[in-house]
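Counting in the working numbering, the sequence shown runs from 37 upward without gaps.
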Amino acid sequence: MSPIRNRWFGPEMTLFSVILFLVEFVRGAALISFLPIFGEKTLDLSLNIIGVAITAHYLTDTLLKMAIGYLLDRFSIRFVVQAGLLISLIGIALFPFAYMPWIFIVAAALYGVGISPIWIVCLTKVSEAHRATQMGFLYTIWFVGIGSGPIISNILLDYSTSITYYLLLGLSLISWVLALFISNTRTSAAVSLPIREQFTILVERLRHMKLLLPGMVLQTMGAGMLVPILPSFAEDRLGLNGKQYSLLLLAGGALTVLGLIPLGRLSDKLGGKKWFLVLGFCCIGGELYLLGLEPPLWQCMLLTGALGLSYAALLPAWNALLANYVPPMQQGLGWGIFSTVEGVGGMIGPVIGGSLAAWHGQSAVVWYAAVMYAFIGLFYIWFPFRAFTDSGHAAK
37 MSPIRNRWFG PEMTLFSVIL FLVEFVRGAA LISFLPIFGE KTLDLSLNII
87 GVAITAHYLT DTLLKMAIGY LLDRFSIRFV VQAGLLISLI GIALFPFAYM
137 PWIFIVAAAL YGVGISPIWI VCLTKVSEAH RATQMGFLYT IWFVGIGSGP
187 IISNILLDYS TSITYYLLLG LSLISWVLAL FISNTRTSAA VSLPIREQFT
237 ILVERLRHMK LLLPGMVLQT MGAGMLVPIL PSFAEDRLGL NGKQYSLLLL
287 AGGALTVLGL IPLGRLSDKL GGKKWFLVLG FCCIGGELYL LGLEPPLWQC
337 MLLTGALGLS YAALLPAWNA LLANYVPPMQ QGLGWGIFST VEGVGGMIGP
387 VIGGSLAAWH GQSAVVWYAA VMYAFIGLFY IWFPFRAFTD SGHAAK
């Protein structure tokens, strides 16, 4: 068996990757395309309500990340993943009946429950020797799923809302069935520490990484602001139909997928993460600003492709950097807490984005997000990166 297969494609990781792909496919299709379009066009809900619903999704996802990490350190992976995916399936099943805003919000919140377990499980399976490379692989799976979901959903929505919905429901059901084949093990065989001691360790990690916290929150907040307005921005401001919007997403997603693994390897080889982060954040800010100027289609294609490469440079280095602060004996809880911190931005971003769109228009949301990403990049120019080396040793 080749080293690459040993590293990435063992039977266990293959199963997790397939489930992760299906979960992220449905998530991308639902959050980026189906919910905003279905909520606005079919259910006649306002962008504010759609923003609140997407925030409710991220709220349950964020709040459960810490608890799920704790559970993964104590109970079988199969039980935790299956339970989460079943609740998500129920959330998807409620959407056709969500003519009242509160039902729409509750359905989105229930759907958020099943996202956390499979992602955190995948993070705990990453090896130390090739962390950035393997992070690149996981983000490839993530981006192929979350990118192809809205692309296919947008095309199908031009023909039938019902077909789109049943596709999402069917794939959610398949992911839950596949979870039946997960081995009945815990995330690690480590001796369990008392919860107070685990939190003491993790609070110490957070103290060392306090200058990372603005980036952890603001980057997901910026992305969350864009989620409820992207379909309407593409249609109303850029003049794109469903197929053209799908083509735009494909341009960004394809270059992200193509760039993740090689740029992850480059990050491993060079050993420094600072300029991957600084350039990645600043480039994203500049590209979003230009996109907010409502350029013609061919320029939009170039900008979304550049956005994809910027994310590909940023994400493996960012997560490999965070991994230095995860206590090796409490990986489930560690990734749960760090994902919770990141999820705070995603939780409040959609409400802010929906409100800004209602007050100032969709283009203003894109510009605010651009300023936020540029600020993060400029902030980290002055970051004392020698702290990464010290924390990396301390975490081992």
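Where a beta carbon is used, it is the ideal one built from N, C-alpha and C, also for glycine.
Proximity to I412 [Cα-Cα], best of I265, C319, M383: C319
Straight-line gap, T200 to R243 (C-alpha atoms, nearest Å): 45 Å
Simplified DSSP assignment, three categories, for Y416: helix
Cβ neighbours of S53 in the same chain (closer than 6 Å, five flanking residues each side left out): I177
Sequence-distant residues of its chain with Cβ nearer than 7 Å to V380 (five each side left out): T98, V253
Beta-carbon separation (whole angstroms), A410 vs G321, contact threshold 8 Å: 3 Å
Simplified DSSP state of S399, which is helix, strand or coil: helix
Residues near N42 in its chain [Cβ-Cβ closer than 6 Å; skip 5 each side]: With a pLDDT of only 47 at N42, under the threshold of 50, the placement of this residue in the model should not be trusted; the figure read from the coordinates follows. Correct list: empty, nothing qualifies.
CA nearest to the CA of F317, picked from W334, G295, L326, L343: L343
The ligand SAH heavy atom lying under 7 Å from the CB of S375: With respect to small molecules bound, the structure shown includes none, and the ligand SAH cannot be examined in it.
The region 293-303 in contact with the region 380-392 per 3-pair CB rule at 8 Å: no
Beta carbon of S11 nearer than 8 Å to that of S189: It is not possible to answer for residue 11, since the shown part of the chain is limited to 37 through 432.
Same chain, Cβ closer than 7 Å to I126, neighbours up to 5 away in sequence not counted: L146
Rounded Cβ spacing between G288 and V402 (contact assumed at less than 8 Å): Incorrect: roughly 14 Å between the Cβ atoms, too far for contact.
The region 208-215 contacting the region 80-92, beta-carbon criterion three pairs below 8 Å: no
Buried or exposed (CB count within 10 angstroms, at least 16 for buried), M408: buried
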